[in-house]
Structures are given as structure tokens and as C-alpha cells.
Amino acid sequence: MILLSAKGLKLAFGGVKAADGIDLDVRNGEFLAIIGPNGAGKTTFINMVTGYLTPQAGEIHYDGQPLVGLAPRRLVRLGIARSFQLPQLFLEHTVAENVALAIAAREGLWSPIRPLMRSAWRAEADDILAQFDLSDIAERRADTLNEGARKLTDIAMAVALKPRLILMDEPTSGVAASEKISIVETLVRVLRTAGVTAVFVEHDMDVVSRFADRVAVWSQGKIAALGPPGAVLTDPNVLRDVIGIETEAGHAAA
Amino acid sequence: MSRYADLVLTLLAAAFVLALSWAVPWLRFVMTIAIAKGLAVLGILLLLRAGQVSFGHALYLSLAAYVVAFMAARIPEVLLLLPLAAVVAASIGLLVGLFVSRYRAIFFGMLNLALSMVFYSMLDKFYEVTRGGDGIRVPVTSFAGVVLSPDQQSWALLILALVLAVGFGAFVRLYLLSPMGSALSALKTREARLEFMGIPARRILLSAYVLSAFMAGCGGALIALSTRHVTPALAYWTASGELVFIAILGGAGSVFGPFLGALAYELTRTYAAALVADAWQMILGTVLLVVILFAPGGLWGIGRALVVRGRQA
Ligand SMILES: Nc1ncnc2c1ncn2[C@@H]1O[C@H](COP(=O)(O)OP(=O)(O)O)[C@@H](O)[C@H]1O
Ligand SMILES: [Mg+2]
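For the record, the sequence lines run as chains A and B.
Going letter by letter, the first sequence gives residues -3 to 250 in our numbering.
Going letter by letter, the second sequence gives residues 351 to 663 in our numbering.
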């Protein structure tokens, strides 16, 4: 079953074609990695799917329903959540409060007198933080965290919305190399258990080949290749253009 | 601070206000006005949590005061006039809020200022209706159906002001800890993220705005009932500035701040005006400067720091 379907998405900023005819079907339950050089339009794609940017042409369908034109807030209600390349946290709140606010957003925001940190939400926030191994910093203010912790908190907030589809923009950038694999393992376990479909932008090919079901290669606003990591990551053109490795076969092809 | 400590402090503060009003009768009026302004400042505090400063909240205070002045002849009962005036202020707050909640920072502040000045000039210019700068006298009103002596009435209004202060103080304290209050301060640091969590930022701000107009309305009604005379000066931009000044003086860190600030402000003004009439504005300016530079937590923050240091010593 196709959960998300993009057809002919186009969006240019001035002369820069950030999306130049994107066609992509995301299958229900899969982990789809997006790779490609900086400026290829990966973030722009996520921005279009989450309602932050409106494509100049093309359509997006989610669960059979057209998405283009809906505000981010509406898309969250439909089950689409995202995390950010640069973490977007509520800086004056603690880590636990950041996550609890996401839970409240899902379950009942409009109560002026019941506390945000009421027991049920507090417990759920603690639970999510434990899954991300963030329990130790639950009471720290978000503006005191290091890059890796901010990144994880940012993702935890998206997960707390209990989405069906999550889009993560470079979830492991800023995370220390030594922790990368274990963090992604955790993340994948959490998302798989909840049956969440994931689209994530990733630069680490090791992470991609281990955890992605399919890989989409972005290049100048287009999808240059799409398929299982085993096939895509050995494609000489991809190796040369995206990863910057010259191979014998690559030379021959060029 | 714990709920218990807040409760004890509230009772002590109320007892202090009542004792002072009993010992120095003419301060009863000063303190009623101070608490009334404190209610409006509590609304300023809410908006400050969202990072927004309204330089026009005297609009709601004066609007409610004029509602009392206009309606007192027809409904000469405090316990009906006050809610009526507050509801009118909140309704106009909703209308204005739908518009101003689209704007942030300087635009938010200036739009509020502009709208309050429009109201001011209406009060000033439509002499037939509002009697312009002369203002309107508020006729005698009953309290809970009883016509009280002026002395009794001033006690009744002071106690009503205290009850409202405690009630709204407790409510705002809960509000700030609720998801709505939490989203309010989230709006200050990362408004865009709220939308990506399904939280309508504008409506969060609008809710706080309407609440702030409602509280300012209660304050304005109390002022009209206590002074028994309303003039356009209530709506003038300096009156709005005064509310922001009190918010900063008292400190935005706690619901006690606005009332502490308002009491300190009114008492200082009363005595300073008597002792050094010409220097009053200068004193104000200096105090504001000192608070901003050295005690951004305001009087409340200073008091807290002293208590904490006392405990450690
Ligand atoms: N809001 C914007 N305004 C102007 N240009 C933009 C905007 N967003 C992206 N771009 C441009 O579009 C191109 C693709 O950007 P982006 O999607 O962020 O790439 P990636 O995430 O793959 O690094 C870049 O050239 C970038 O400068
Ligand atoms: Mg990017």
C-alpha cells in the first residue's frame, strides 16, 4: 500500500530549482532514506510534504487524500510529523516539558487549569525520553543541551505526536559518530514498534545501508536513483555524484 | 514555589493590605486602585510570557470604566456592573485580538497602542456622549443589594478587589502551568514549531489576550466604582505605559509580581507626589532604569533572592 505519493512536484526559488519534477511513492511501513549533496532539495521536499512550502506544480496524496494547500497544523492532525535539520525546541522549557507539550498537542491542549505535567502526560513523556536514553536530562532546560541531545529531543517531540508518517531531516547530523549507530538503532526500534513509516535524510552511508528499506538519491531537485540500498549504493553514478568515490566502472561509464 | 508557600504568602499579603487600610484609612482607596491596576498588569504578564508587550491595555481598563459610568444609573449594583463591564472588555478584546494576534513584537505593541489612542480620541471628541475631558460622574451604586455608606462601600470595594486578585492570581498561576500557558511561552521561543505540532499559535495568543482584556476590565470597573469619576485620561497612552512599567517593576516571574509592583508603585507615587511633586517622574525613570539594569526579575525577583540568601545563611 502507498501511504504518501508525490507527483511532478516543482518549486523554484528565483532561478534555483529546488524541486524539479519529483515523483515518489512511499510505501506504508517502510523506511525510506533520502541522500544527496547539499542544496539538492532534500529539505525542500520535506517542507512541501509537511505544508511549510507549497509546490508550484504537482500533487501530493497521503492515504489517498490531496495534501497541497493544507497548513502544517492540519497535516499533523492527519498523522504527519517531522523533525528538523536544525532542532526547533522550546528553549525556556525543560526537555520533559518539550515532549509533554507534544503529547498535550495530541491529546487535549485546551485546558487552562489542568497542569501540563499531570501524571499521565508526565509518565508518557518520561517513557519516550527513556526510549531515547534522555532520562538523565529530562529536567534540563532545552537551551542548555548539546547538539546531539537537542537533535534527539527534537525527534522525540515528533514521535510523541504518534504520527503514521514521520519525516526526519538529518536525524544524525550533530550526533557524535560513536553514538550514531546506537541512536539510530533505538530510533528504528521505537518507530518499527509503533508501525510508523519513516522518510529520513541521511548523509552516513553506513546508517543508510543498515537501516533503510529503500534509498532515494536527490540531485539538483530531481530523483537520480531509487531502490534498495544494496543496488543504489553500488551504482557507480551514485557513488561518483553523491558519495564522491571514483570507481573503475564509474570511469568507464563516464 | 510550592502551592503551600504561595497560599501562606497570599494570606499574609491580604492581611497586610487589610491591616494597613484599617490603620491608615485614606490608604484604603490607594490600595483598591493599586490592586485594580494589578489585575490589568496580570494580563500584561500573560502576554509577556508570549514575548509580546501591549502598549495599549488601558483600552480595556478604560472601556470597562466607561461601561460602569454609563450603566450605573440603569443598573446601580456593583455585583452586576463589574461582570458586565468585564464581559464587554473581553468581547472587544476578542474582536481586537483576532486582528492583533497576527502580529508580533513591535507591530503587536504599536497596534495595541494605536487602537487605544483611537478609543482615547473618541472619548475626548464625542462630547455629547462622553462629556469629553470633563468625564462622567458615576452615580451611587448598591453592593449586593444594599446601599452602603461611603466608608462601608470603600471597604466592600477593597475586599472585592482582594477577592478578584486572589481568584485571578490563582487562575493565572494554574493557566501558566497548563498546556495553554506552556504553549504561550513556547510561542515566545519557537512559534513555528508549535504549528508543526498541531498547535494553533495564534489562537493560543488570542486566548491569553482575551483573558488579559477580561482582567483589565475587572480592574477598570473597580477603578470607576472607587473613584466614581471616569475621564479619557484612563485611556491615554501613558496609562498603558504605566501598566507595562508596573509589570516590569513587579517582575514577570510570578503572579505576585503585578500586585507587588502595583502596590509599590501606587504607594510610592502617593508619597512622592506629596513630598517631591516635581521629581516624581524622575524617580520613576530612575527606578525603572535600576530595575532593568540590576534586577530584571523585578521586586518579586529581589524579594525571592533575599529569601533564598536568608535560608542559605
Ligand atoms: N526558503 C528558501 N528560499 C530561497 N531558497 C531556498 C529556500 N529553501 C531552499 N532554498 C534553496 O533551494 C535549494 C535546495 O535547498 P534544500 O532543500 O535546503 O537542500 P538540501 O536540504 O538538499 O541541502 C538550495 O539552493 C537552497 O539555497
Ligand atoms: Mg537540508
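All C-beta atoms in this analysis are idealised placements derived from N, C-alpha and C, irrespective of residue type, glycine included.
Buried or exposed by the 16-neighbour rule on C-beta atoms within 10 Å, applied to residue i
i: A:M(-3); result: exposed
i: A:E143; result: exposed
i: A:A250; result: A caution first: A:A250 carries a pLDDT of 37, below 50, which makes its placement in the model unreliable, though a value can still be read off. The residue in question, A:A250, is exposed, as its Cβ has fewer than 16 Cβ neighbours within 10 Å.
i: A:A248; result: With a pLDDT of only 41 at A:A248, under 50, the local geometry of the prediction cannot be trusted, and the value read off the model is given with reservation. Classification of A:A248: exposed, given that the 10 Å Cβ count is below 16.
i: B:A373; result: exposed
i: B:F366; result: exposed
i: B:L392; result: buried
i: A:Q52; result: exposed
i: A:S115; result: exposed
i: A:T168; result: buried
i: B:K475; result: exposed
i: B:A455; result: exposed
i: A:G217; result: buried
i: B:Y410; result: buried
i: A:P224; result: exposed
i: B:R353; result: exposed
i: B:W376; result: exposed
i: B:D484; result: exposed
Closer than 8 Å: residue i CB and nearest ligand 1 heavy atom
i: B:G603; result: no
i: B:D356; result: no
i: B:T581; result: no
i: A:G32; result: yes
i: A:F9; result: yes
i: A:F41; result: yes
i: A:A14; result: yes
i: A:L49; result: yes
i: B:G569; result: no
i: A:G17; result: no
i: A:G104; result: no
C-beta neighbour in chain B for residue i, strict 9 Å
i: A:V184; result: no
i: A:G144; result: no
i: A:A250; result: Confidence at A:A250 is low in this model, with a pLDDT of 37, below 50, so the placement of that residue should be treated as unreliable; the coordinate-derived value is given next. No, A:A250 does not count as interfacial toward chain B.
i: A:A67; result: yes
i: A:V104; result: A quick correction: the sequence has Gly, not Val, at residue 104 of chain A. Yes, contact with chain B.
i: A:G246; result: At A:G246, the pLDDT of 41 sits below 50, so the modelled position is not reliable; the number obtained from the coordinates is stated separately. No, no contact with chain B.
i: A:A119; result: no
i: A:H57; result: no
Beta carbon proximity, residue i to chain A, threshold 9 Å
i: B:P646; result: no
i: B:I394; result: no
i: B:L514; result: no
i: B:G519; result: no
i: B:L357; result: no
i: B:A602; result: no
i: B:I442; result: no
Reduced DSSP secondary structure (H/G/I, E/B, other) of residue i
i: A:L7; result: strand
i: A:R78; result: strand
i: B:W630; result: helix
i: A:I99; result: helix
i: B:W505; result: helix
i: B:F493; result: strand
i: A:K176; result: helix
i: A:A15; result: strand
i: A:K158; result: coil
i: B:E427; result: strand
i: A:A194; result: strand
i: B:I442; result: helix
i: B:I596; result: helix
Closest residue to residue i among the options (Cα-Cα distance)
i: A:F86; options: B:G401, B:L639 and B:L411; result: B:G401
i: B:N462; options: B:P608, B:F493, B:I652 and B:V594; result: B:V594
i: A:D123; options: A:P111, A:V155 and A:V228; result: A:V155
i: B:V417; options: B:L575, B:S471 and B:V513; result: B:L575
i: B:I349; options: B:G611, B:L625, B:L507 and B:T618; result: Residue 349 of chain B cannot be examined here, being either before or after the span of chain B that is shown, 351 to 663.
i: B:Y470; options: B:F644, B:F521 and B:V580; result: B:V580
i: A:E175; options: A:L148, A:D165, A:M44 and A:K38; result: A:L148
i: B:L395; options: B:G635, B:I549 and B:M565; result: B:M565
i: A:D209; options: A:I219, A:S215 and A:R188; result: A:R188
i: B:Y567; options: B:A364, B:G601, B:M460 and B:I385; result: Note that residue 567 of chain B is Gly in the sequence shown, not Tyr. Cα-wise, what sits closest to B:G567 is B:I385.
heavy atom of ligand 2 below 8 Å from residue i C-beta
i: A:V197; result: yes
i: A:T46; result: no
i: A:K38; result: yes
i: A:Q81; result: yes
i: A:E143; result: no
i: B:E541; result: no
i: A:E55; result: no
i: A:D165; result: yes
Residue i: contacting residues in chain C (beta-carbon distance under 8 Å)
i: A:A173; result: No chain C appears in this structure, whose protein chains are A and B.
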